[in-house]
Amino acid sequence: QALYQLTQEEEDILDRSRSLEYDAAGNLVKCASYLTSYFFRTRDQVSGWEFDFKIDPPWQLEFHHSRCTDLNIIGGFGSGKTIAVGMSAIVWSATTPNFKFLDVAPTAGQAFQMYEKLKTEIEGSLFEPLVFKMIEKPWPKIQIRYLHANGVLHNSMLEFMSAADNAARIKN
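Residues 12 to 183 (the numbering used here) are what the sequence shown spells out, left to right.
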């Protein structure tokens, strides 16, 4: 399959998505939602999926842009944990060359749940051409592979495994 090549406008969107910045009035100037709002929509939609910055506290963007490498999220059923972490992984995968993300859940069903949520957001969206392949067996994977506007290849991988079923593979 031919690789999708980003336009300069799309490169600018990726650049604006790499950091979290506010202007003097407290308005977001740069954040991960620039990527998700542009790419996770259809051509007919004005904007798409965004990290929720109106919840109290607005943890989703802070989670994504945090400099900490060890983060814990405690939230109830349906509070947006799975999709926020998954979309964060997508943004990192799309903006960081050779990025590897590994979702390790206690069971295969739980790992598959994040994969399914992301697959649903990807299918039919402007982001779909950036996805080289999505596979479910032997464990779910999403490979992001595209050409930058300057022709440089970008390749990243997201994997979704079970600690119970894939312990030997996780160690490697």
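Virtual Cβ for every residue (Gly too), placed ideally from N, Cα, C. Given the structure is predicted, the values throughout are model-derived calculations rather than measurements.
Put simply, the backbone Cα of Gly86 is about 31 Å away from that of Leu141.
Glu22 and Leu14 have their alpha carbons spaced roughly 15 Å apart.
Counting every other CB atom within 10 Å of its CB across the protein chains shown gives Thr93 a total of 16 or more, marking it as buried.
Positions of the alpha helix (DSSP H) runs, each at least 4 residues long and wholly inside the stretch 52-108, are given as 70-76 and 92-106 in order along the chain.
Under the three-state reduction of DSSP, Arg29 is assigned to coil, being neither helix nor strand. Using a Cβ distance threshold of 9 Å, Phe64 and Glu132 do not count as a contacting pair. Excluding sequence positions up to five before and after Lys41, its CB lies within less than 6 Å of the CB of Arg27, Ser30 and Glu32, all in the same chain and listed in chain order. Fewer than three Cβ pairs drawn from the stretch 74-86 and the stretch 135-154 lie within less than 8 Å of each other, which leaves the two stretches out of contact. Looking at the DSSP output, Gln16 shares a beta bridge with Leu158.
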